[in-house]
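These notes are about the structure you will find just below.
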Amino acid sequence: MDINEARNYIGKEATIKGWVYNSRSSGKILFILLRDGTGFMQCVMAKNEVEDETFARAKALTQETSVIARGTIREDKRSPNGCELTLKEIEIIQLTRDYPITPKDHGVGFLMENRHLWLRSKRQWAILRIRHQIERAFRDFFDNRGFTLVDAPILTPNACEGSTTLFQTDYFGEPAFLSQSGQLYMEAAAMALGKVYCFGPTFRAEKSKTRRHLTEFWMLEPEIAYITFEENMKLQEDMITYVIRDVLKNRKDELDIIERDTSLLEKVEPPFPKIYYKEALEILKKHGKAVEWGDDFGSEEETILADTFNKPVFVHHFPIGAKAFYMKPDPEEPNTVLAADLLAPEGYGEIIGGSQRIDDYDLLLEKIRENNLSEEDYRWYLDLRKYGSVPHGGFGIGIERTVAWIAKLPHVRETISFPRLLGKIYP
RNA sequence: UCCCUGUUAGCUCAAUUGGCAGAGCGGGUGGCUGUUAACCACUAGGUUGUAGGUUCAAGUCCUACACAGGGAGCCA
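Our numbering puts the first residue of the first sequence at 459, with every later residue one more than the last.
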C-alpha cells in the first residue's frame with residue numbers, strides 16, 4: 459500500500475514499505491512516523507498487543523531505518539492525517555546509525571552538504587512534488603494546445619545570445635559550449651512544426667551569487683510561427699493561470715506542509731497588467747529610483763514594479779540595446795523592441811522573457827554584425843529568414859524561479875534536487 | 001568579481017570588561033498506554049576553522065589564509 463492511498467484501506471490489513479521518519483515512546487505504547495515516498499503516516503504499537511520481542515525491536519528503531527511495517531489501517535482523530543496504522547509486525551531492512559539530519563534546526567551550509575539526505579525531509583519532499591506538478595502542468599498546457607515538444611541540443615557550437623558567460627567543453631578537439639538557451643533551435647523547429655517548445659537544462663557560467671541564480675537551471679521555451687506580440691503575451695497569461703490553478707488543485711497538501719499562504723495565488727487570472735517600459739520608469743521614479751531610459755532593472759526595481767500590482771505584470775517595449783540582438787524593433791516606436799518580461803509578485807522578479815523575433819534577413823544580418831557575432835556561425839539562423847520567413851515569437855520561462863514563487867521559497871536552491879551554484883558541485 | 005557577517009561537541013547555538021568550555025537536539029542507559037520537532041532523569045561527547053602575533057592569561061584582541069552565509073552586478 460502507498461501511504462497516499464491509506465484512506466481506501468480503512469479497516470483493512472496493509473503493508474507499508476518505507477523508512478522511519480521519527481518515533482516517540484511512552485513506555486507501553488510506541489508512535490512511529492513512517493514515510494514511503496508517497497506520504498507520511500503515524501504507526502502505533504501497543505505493548506500488550508504484540509510479542510515482547512517485536513515491541514523491543516520497534517522501540518529500538520532509529521531515524522531513517524528502512525522497514526516493512528504490517529498492520530491494520532484505522533481512522534483516528536488523534537493521528538496527524540486522520541488515520542494511522544496499528545502495527546502487528548515491523549521488519550527491519552537496515553538499521554540506520556547516526557543519521558546526520560536530526561529533528562531540530564540545521565544551517566543551510568550543513569543541509570546543502572547533505573542534500574542527498576535532506577531530500578528525505580518533509581519540506582523538501584513537498585517542494586519536489588510541487589515542482590513535478592508544475593512541470594507536468596506546463597507540459598499538459600502546451601500538449602493540449604497542439605504544441606510539439608522538440609528537444610534542443612545541449613552541446614552547442616556558439617553562444618545563443620552572445621552576452622553571458624558559457625561553460626566550455628572539448629568537442630573532439632573543437633571548443634563547444636553548454637547551451638544557455640534552446641530558443642534559436644526552436645525558431646528552426648517552429649518553421650517545421652508550427653507550434654513547438656523545448657524543456658531542458660540550461661547553463662550559465664556567470665559568477666552570480668544570489669537567491670535567484672543557479673549555474674544549471676531548467677527552462678521551458680515555446681516558439682510559435684505566425685504569432686503576434688499580443689498573442690504571445692496572452693499565451694503566457696493563459697499558461698501561468700493554468701499552472702497556478704493546477705498546482706492549487708493537485709498539490710494542496712504539499713502547499714500546506716510548506717505553509718504557503720495561497721491567497722495571492724488564487725487571485726492570479728487574466729488579464730495581467732501590461733505596462734510600457736517608459737511607464738515602468740515613471741513608477742520607479744515615483745519611488746525615488748534614479749533610473750534612466752536604457753537602464754535595465756535590478757532586483758529591487760523589479761520588486762517595486764511587481765508590488766505595485768500584486769499580480770504578475772508584463773513590462774514591454776524595452777529600449778533597443780537593453781535586450782538581445784534577435785528581438786524585433788516595433789515599427790511604430792523604432793527605438794524599442796517587441797519584448798516583454800513577466801515579473802512575478804511577492805519579490806520573485808523576472809520569470810519570463812519573451813519577444814517577437816526579427817524575421818527580415820537584412821535586418822538580422824545587420825544586428826549580427828553590430829553585435830560582432832560571427833556571420834558564419836549564424837548562417838543557419840539567417841537561412842530561416844531566407845526560405846519562407848514568417849512573423850514569429852516565443853518566450854522562455856525559468857522553472858526554478860516559477861517554483862520558488864509558487865512555493866514562496868527564500869532561495870531557488872531548494873527548488874531543484876541537486877542545485878548547481880557558484881563554485882559548488884557537491885553532492 | 002566586489003561589499004558585509006560568521007566559523008566553539010555529530011548538528012543548532014551560548015560563554016559579561018581578555019580570567020574555570022556550557023545548553024538543547026542527536027547517541028547511550030532507565031522511566032512513562034495517545035504522542036504530535038513528545039516528555040522526565042542520568043550519561044558519554046571539545047586541539048574553540050588553519051597558521052602566526054600581542055598578553056601573566058586569548059573562544060574573546062591583531063594579521064594572513066581557508067571555508068560558510070547574506071547582499072550587489074548579470075540574468076531566467
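Beta carbons: idealized from backbone N, C-alpha and C, even for Gly.
Since this is a predicted model, take the numbers as computed values, not measurements.
Along the chain, where does the alpha helix (DSSP H) containing residue i start, and where does it finish?
| i | result |
| --- | --- |
| F600 | K580 to N602 |
| M677 | It is not in any alpha helix (DSSP H) - M677 instead sits in the beta strand (DSSP E) that spans E674 to A683. |
| N690 | F687 to N708 |
| I826 | Y819 to E828 |
| T761 | S757 to F767 |
| L519 | Segment: none, L519 is in no alpha helix (DSSP H) and carries neither H nor E. |
| Q641 | Q641 to L651 |
| A780 | Per DSSP, A780 belongs to no alpha helix (DSSP H) and is neither H nor E. |
| T860 | I857 to A865 |
| A744 | The question names Ala, but residue 744 in the sequence shown is Lys. Residues Y735 to K744. |
| E724 | S721 to E724 |
So residue i is in the beta strand (DSSP E); what residue range does that whole segment cover?
| i | result |
| --- | --- |
| G567 | It is not in any beta strand (DSSP E) - G567 instead sits in the alpha helix (DSSP H) that spans V566 to E571. |
| E808 | G807 to Q814 |
| M499 | F498 to A504 |
| I468 | Careful: I468 lies outside any beta strand (DSSP E) and carries neither H nor E. |
| D628 | Q626 to Y629 |
Report yes if the C-beta distance between residue i and residue j is below 7 angstroms; otherwise report no.
| i | j | result |
| --- | --- | --- |
| Q591 | V705 | yes |
| P411 | I698 | Residue 411 lies beyond the stretch modelled for the chain, which goes from 459 to 885, so this question has no answer here. |
| E872 | I585 | yes |
| T441 | F635 | A query on residue 441 cannot be resolved here, the shown segment of the chain reaching from 459 to 885 and no further. |
| E522 | Y557 | yes |
| I810 | Y784 | no |
| I474 | L492 | yes |
| K505 | S483 | no |
| F657 | L678 | yes |
| M691 | A797 | no |
| Y655 | F605 | yes |
| E549 | I531 | no |
| L801 | L742 | no |
| E622 | R662 | Per the sequence shown, residue 622 should be read as Thr rather than Glu. Yes, they are a contact pair. |
| E547 | D534 | no |
| Y806 | H775 | no |
What do you get for residue i, buried or exposed, if any count of 16 or more other CB atoms within 10 angstroms of its CB means buried?
| i | result |
| --- | --- |
| E760 | buried |
| W751 | exposed |
| Q641 | buried |
| Q626 | exposed |
| H745 | exposed |
| R555 | exposed |
| K707 | exposed |
| F755 | buried |
| Q552 | exposed |
| H671 | buried |
| G631 | exposed |
| I883 | exposed |
| E740 | exposed |
| P561 | exposed |
| T520 | exposed |
Measuring straight from C-alpha to C-alpha, what distance separates residue i and residue j?
| i | j | result |
| --- | --- | --- |
| W888 | Y700 | With the chain covering only 459 through 885, there is no way to say anything about residue 888. |
| Q694 | R703 | 14 angstroms |
| S666 | Q638 | 15 angstroms |
| K732 | V773 | 6 angstroms |
| D753 | A780 | 7 angstroms |
| Y819 | L840 | 6 angstroms |
| S875 | E828 | 40 angstroms |
| D835 | N616 | 7 angstroms |
| F777 | R578 | It should be pointed out that residue 777 corresponds to Pro in this sequence rather than to Phe. Their Cα atoms are separated by approximately 47 angstroms. |
| W576 | M570 | 8 angstroms |
| D494 | L879 | 30 angstroms |
| T544 | I461 | 14 angstroms |
| P538 | C501 | 11 angstroms |
| N889 | V726 | A question about residue 889 goes unanswered here, because the residues of the chain that appear run from 459 up to 885. |
| E645 | H574 | 38 angstroms |
| L651 | N793 | 32 angstroms |
| G476 | M459 | 11 angstroms |
| I588 | A865 | 8 angstroms |
| P729 | D609 | 31 angstroms |
| G565 | P868 | 14 angstroms |
| D718 | K710 | The question names Asp, but residue 718 in the sequence shown is Arg. Each residue's alpha carbon lies about 10 angstroms from the other. |
| A472 | V508 | 17 angstroms |
For residue i, list the residues DSSP reports as bridge partners.
| i | result |
| --- | --- |
| L488 | S483 and M503 |
| K882 | L879 |
| K475 | I526 |
| G851 | I682 and Q814 |
| M785 | R815 |
| Q410 | Here the chain has residues from 459 to 885 only, and residue 410 is not among them. |
| G658 | M677 |
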